[in-house]
């Protein structure tokens, strides 16, 4: 028998079934069930079922991130229902509207660990692969079923290996790499595949950059994404308070079988832009440079971690946002916001003319930052679907934080290397 991929090992662990092959369907028992602001849907379903006891309340994690703080009475009532439910059933992993984006918050609190099988009511739950976990998005009905039974069926995916070698050039970042891959492979290029990232560039990435990779893998159709845990991972988990004795690292075998291998040379890459209205409609920044912008949004689970804010602040240093342009910065979590405050990063952003909002999904989830008819936003989020940020007659472009910051300075889409070169000369 040939070696096993990460997905095979993770699902074997979660199901208790040995020697699984791609295509097999088994019942898996997730280690964690994440549900966000719309957890009220699950609660109402439980009420209709007459169920008052959960399979394992300690596996439940609820985060009020998508609409925070409450935008109206309906949202406030939904939040209140979730708070009452969590208190009544003893859900200790409940994170209220002041916490931030679910994915980031759970990782910061040590709830995501290597080898785990995690489901979440958000398609970008693939992000958990940044810490070596199997993360995948599901619907609210699946979460509700898992609350009650502790399990759900899963088909073992085929695996694709993506190898990225060589350092990136200045001005090029992890987001650019992923946009390039999404553009090359397409939105359905890796449908229901387990994506394993490797190569010399990947091995040198920070956990934040790995989050960007695994988060955006979903935009290629991936079932889950994975970066092998290493010393960088362990250092992050140490800070999160996770005892090393509790880790269950599941590296793929060297002779594992892959459906395909994709190779990418890091040094050859340039800044990328996803143009309206799909994430896989990707071009080099030069192809759309000069496009007028009304708004720039730096946020989302893809690119609002601390180092993303640092990159943006460094590009903006000594500059001001272009007249008439709105720059919205939404940190991914309360912890990140506090760190950015302590280090002076928030001050740099504010001095440049940015508006800082509370941690959470923000404009990415339609909570603030809406556009009027005919307006255009350059966003660091993971999706640019028509109507996602306000008017159906508006446009969303996607980029790295560096490209977003450089574009905010000039008021038009700008190659960040132009601003960075000026800073070096100065």
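In the numbering used here, the protein residues as written are 1 to 426. Yeah, the Cβ is synthetic: ideal placement off N, Cα and C, and Gly gets one too.
8 Å CB neighbourhood of residue i in its chain, flanking five on each side removed
| i | result |
| --- | --- |
| residue 38 | 66, 78, 121, 140 |
| residue 153 | 25, 26, 27, 28 |
| residue 424 | In this predicted model, residue 424 has a pLDDT of only 49, less than 50, meaning its place in the structure is not dependable enough to derive any value. |
| residue 323 | 411 |
| residue 276 | 384, 386, 395, 396, 397 |
Cross-strand partners of residue i (DSSP beta bridge)
| i | result |
| --- | --- |
| residue 395 | 376 |
| residue 272 | 284 |
| residue 262 | 162 |
| residue 295 | 326, 377 |
| residue 111 | Answer by DSSP bridge pairing: none, since residue 111 is not bridged. |
| residue 333 | 100 |
| residue 180 | Beta-bridge pairing links residue 180 to no other residue. |
| residue 155 | 25 |
| residue 256 | 3 |
| residue 429 | The requested residue 429 does not occur in the structure, where the chain is confined to residues 1 to 426. |
| residue 412 | 292 |
| residue 224 | 194 |
| residue 385 | Its beta-bridge partners do not exist; DSSP assigns none. |
| residue 420 | DSSP lists no partner for residue 420. |
| residue 429 | Residue 429 is absent from the structure shown; the chain starts at 1 and stops at 426. |
Cut-off 6 Å between Cβ atoms - residues of its own chain near residue i, not counting five sequence neighbours on either side
| i | result |
| --- | --- |
| residue 2 | 255, 257 |
| residue 349 | 313, 329 |
| residue 59 | 32, 33 |
| residue 241 | 110 |
| residue 308 | 401 |
| residue 200 | 165 |
| residue 190 | 160, 220, 221, 222 |
| residue 294 | 375, 376 |
| residue 390 | 370, 371 |
| residue 280 | 182, 183, 186, 187 |
Straight-line Cα distance separating residue j from residue i
| i | j | result |
| --- | --- | --- |
| residue 386 | residue 36 | 23 Å |
| residue 85 | residue 261 | 46 Å |
| residue 89 | residue 116 | 24 Å |
| residue 380 | residue 74 | 29 Å |
| residue 49 | residue 375 | 45 Å |
| residue 316 | residue 18 | 53 Å |
| residue 346 | residue 334 | 13 Å |
| residue 306 | residue 148 | 37 Å |
| residue 278 | residue 245 | 43 Å |
| residue 76 | residue 70 | 5 Å |
| residue 162 | residue 214 | 12 Å |
| residue 193 | residue 21 | 13 Å |
| residue 421 | residue 406 | 11 Å |
| residue 131 | residue 207 | 7 Å |
| residue 98 | residue 158 | 39 Å |
| residue 94 | residue 355 | 28 Å |
| residue 143 | residue 13 | 20 Å |
| residue 417 | residue 297 | 19 Å |
| residue 4 | residue 156 | 12 Å |
| residue 326 | residue 23 | 48 Å |
| residue 287 | residue 150 | 49 Å |
| residue 378 | residue 403 | 9 Å |
| residue 274 | residue 47 | 43 Å |
| residue 259 | residue 268 | 25 Å |
| residue 236 | residue 373 | 43 Å |
| residue 226 | residue 126 | 8 Å |
| residue 209 | residue 357 | 23 Å |
| residue 102 | residue 128 | 11 Å |
| residue 264 | residue 173 | 14 Å |
| residue 367 | residue 419 | 30 Å |
Contact belief for residue i with residue j at Cβ below 8 Å, rounded distance in angstroms
| i | j | result |
| --- | --- | --- |
| residue 100 | residue 401 | Actually they are not in contact, since the Cβ atoms of residue 100 and residue 401 sit about 17 Å apart, beyond 8 Å. |
| residue 176 | residue 272 | 5 Å |
| residue 133 | residue 112 | 5 Å |
| residue 178 | residue 233 | Actually they do not touch by this definition, with Cβ atoms about 19 Å apart. |
| residue 63 | residue 105 | 6 Å |
| residue 365 | residue 332 | No, residue 365 and residue 332 are not in contact; Cβ-Cβ is about 13 Å, not under 8 Å. |
| residue 438 | residue 195 | In this structure the chain extends from 1 to 426, so residue 438 is not present and cannot be described. |
| residue 252 | residue 6 | 5 Å |
CB contact check: residue i to chain D, cutoff 8 Å
| i | result |
| --- | --- |
| residue 207 | The displayed structure is made up of one protein chain only, and chain D is not part of it. |
Residues of its chain near residue i, where Cβ-Cβ distance is below 7 Å and the 5 sequence neighbours each way are ignored
| i | result |
| --- | --- |
| residue 10 | 115, 117, 134, 250 |
| residue 319 | 352, 409 |
| residue 57 | 89, 90, 91 |
| residue 40 | 78, 81, 82 |
| residue 123 | 137, 218 |
Tell me the start and end of each unbroken alpha helix (DSSP H) in the region 117-150 that is at least 4 residues and wholly inside, in chain order.
Fully enclosed alpha helix (DSSP H) runs of 4 or longer: 140-149.
Which full runs of the alpha helix (DSSP H) of 4+ residues lie inside the region 15-88, going along the chain?
List check, alpha helix (DSSP H) in window: 39-49.
Segments assigned alpha helix (DSSP H), at least 4 residues, entirely inside the region 187-221
List check, alpha helix (DSSP H) in window: 200-203, 207-216.
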